[in-house]
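Asks:
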Amino acid sequence: MKKIKLGGVPEHFNLPIHLAIEEGGFASRGVEVEWVECNGGTGQMTKALREEEVDACILLTEGIIKDIIAGNASKIVSGYVTTPLIWGIHTGAENKLRFHEEIYSKQYGISRFGSGSHLMAIVDANSKERKIEKEQFSIIKNLDGALSALGDLSVDVFYWEKFTTKPFVDNGQLRRVGEFVTPWPCFMVAATNRILEEEPETVIRMLRTIHDYCDRFMQSDDYIPMVAERYGQKLKDVERWYHSTEWAIHGWVSDKMLRGVINHLYLADIITSKDDLPELVWKR
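Take any residue in the sequence shown, count from 1 to its spot, add 1243: that is its number in my numbering.
Next up, the structure:
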């Protein structure tokens, strides 16, 4: 049986993949999928792809596009979550910060440079015709690091997926001062060029299983209490998230969407050119 190491964040979006592993969905197609937990988010995953610590990842659309342009020897192989991500903009309970429009001169916590928490802060600021300087960013590695840094006021602002952080807002550790919605689908599946060259059929079988389980996941509200229990969230919050989220059930990736992301990254000075870019999507 062929093996693929698949990286992803420990968040509710990835439950269909965990179910496929637990129920033997991948194995039934002759693929062994080893899940690699990446608490550091997209920045950690792009690094893991570059260094071939994983074969594939579920990661933020803007993060993988930016990193392929920067030389990552990987390609997008499918969409994963086709709806936008709602980023919560957070501060610590004791911070005097109160409003979204006040954040742009503050100190930002990011999981690492090139991560979603970094890129979205820049895209958000650019959309308001504001600029964040490099020295305003402090690396806090992950959500646990953010809770600590926001708590001791060493950083003021942290962007993270709204429903993942909501338990900490509810218990008073964090305050949400705003939201930012990505103007594109939030997650893609990407794989290294090496695995695509050596095991293309294995990648295709993995993707077919992912699409099947995502399709099944979207067909039944019975998964809502499972999400709430596994991820420690309130049922009403999971219901809201579940009914506003869609997963990909095929591998098609829109060229128009890719051009839109590239344009946003260019306008935000995250990439320096929109021309002569490498191939972003795997051509089967």
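Every residue, glycine too, gets a C-beta built ideally from N, C-alpha and C.
With DSSP collapsed to three states, give me the class of H1255.
Replies: Looking up residue 1255 in the sequence shown gives position 12. H1255 falls in the helix class under three-state DSSP.
Asks: Restricting to Cα atoms, I'd like to know which of M1244, E1280 and K1245 is closest to I1260.
Replies: Mapped onto the sequence shown, residue 1260 falls at position 17. Checked all of M1244, E1280 and K1245; the closest Cα to I1260 is E1280.
Asks: Which one of L1417, D1413, S1487 and E1378 has the shortest CA to CA distance from A1392?
Replies: The count along the sequence shown starts at 1 and reaches residue 1392 at position 149. If we check each option's Cα against that of A1392, L1417 comes out closest.
Asks: Give the straight-line distance between the Cα atoms of E1337 and Q1379, rounded to the nearest whole angstrom.
Replies: Residue mapping note: residue 1337 aligns to position 94 of the sequence shown, counting from 1. Residue mapping note: residue 1379 aligns to position 136 of the sequence shown, counting from 1. Cα-Cα distance, rounded: 20 Å.
Asks: Between F1423 and M1363, is the Cβ-Cβ spacing less than 8 Å?
Replies: Here residue 1423 refers to the residue found at position 180 when the sequence shown is read from its first residue. Here residue 1363 refers to the residue found at position 120 when the sequence shown is read from its first residue. A contact, by the Cβ cut-off of 8 Å.
Asks: Could you tell me if E1431 is buried or exposed, where buried requires 16 or more neighbouring beta carbons within 10 angstroms of its beta carbon?
Replies: Within the sequence shown, numbered from 1, the residue matching residue 1431 stands at position 188. According to the sequence as given, residue 1431 is Met; it is not Glu. Label assigned to M1431: buried.
Asks: Between D1519, I1332, K1246 and L1262, which has its C-alpha nearest V1412's C-alpha?
Replies: As a position in the sequence shown, residue 1412 is number 169, starting the count at 1. Among D1519, I1332, K1246 and L1262, the Cα nearest to that of V1412 belongs to I1332.
Asks: Straight-line CA distance for T1425 to V1366?
Replies: Within the sequence shown, residue 1425 is the residue found at index 182, counting from 1. Within the sequence shown, residue 1366 is the residue found at index 123, counting from 1. Rounded to the nearest angstrom, the two C-alpha atoms are 9 Å apart.
Asks: Using C-beta distances below 8 Å, list every residue in its chain close to R1283, excluding the 5 sequence neighbours before and after it, in chain order.
Replies: Working through the sequence shown from its first residue, we reach residue 1283 at position 40. It should be pointed out that residue 1283 corresponds to Gly in this sequence rather than to Arg. Same-chain partners within the cutoff: S1354, R1355, S1358, K1384 and N1385.
Asks: Can you tell me whether DSSP reads H1333 as helix, strand or coil?
Replies: Taking the first residue of the sequence shown as position 1, residue 1333 is located at position 90. H1333: strand per DSSP, three-state reduction.
Asks: Out of T1408, K1248, L1258 and E1404, point me to the one whose CA is closest to C1429's CA.
Replies: Sequence index remark: in the sequence shown, residue 1429 carries index 186 (1-based). Ranking T1408, K1248, L1258 and E1404 by Cα distance to C1429 puts E1404 first.
Asks: Is it true that the CB of A1491 sits closer than 8 Å to the CB of H1454?
Replies: Against the sequence shown, residue 1454 aligns to sequence position 211. Against the sequence shown, residue 1491 aligns to sequence position 248. Yes, they are a contact pair.
Asks: Using DSSP's beta-bridge definition, name the partner residues of C1300.
Replies: Stepping through the sequence shown from its first residue, residue 1300 is reached at position 57. Looking at the DSSP assignment, C1300 forms a beta bridge with G1250 and A1433.
Asks: Grab me the residues of L1249's own chain with a C-beta within less than 8 Å of its C-beta, minus the 5 sequence neighbours each way, in chain order.
Replies: Stepping through the sequence shown from its first residue, residue 1249 is reached at position 6. So the list reads I1260, V1276, E1277, W1278, V1279, V1297, D1298, A1299, C1300, I1301 and M1449, once near-sequence residues are dropped.
Asks: Given a threshold of 16 other Cβ atoms within 10 Å of its Cβ, counted over all protein chains shown, does Q1287 qualify as buried or as exposed?
Replies: If you number the sequence shown from 1, residue 1287 lands on position 44. Label assigned to Q1287: buried.
Asks: Measuring CB to CB, does I1264 end up less than 8 Å from L1523?
Replies: As a first step, residue 1264 is located in the sequence shown; it is residue number 21 there, counting from the start. As a first step, residue 1523 is located in the sequence shown; it is residue number 280 there, counting from the start. No, they are not a contact pair.
Asks: Going by the DSSP bridge assignment, what does K1517 pair with across the sheet?
Replies: For the purposes of this step, residue 1517 is taken as the residue at position 274 of the sequence shown. K1517 is not bridged to any residue.
Asks: Examine the Cβ distances between the segment 1369-1376 and the segment 1438-1448 and report whether three or more of them are shorter than 8 Å.
Replies: No, the segment 1369-1376 is not in contact with the segment 1438-1448.
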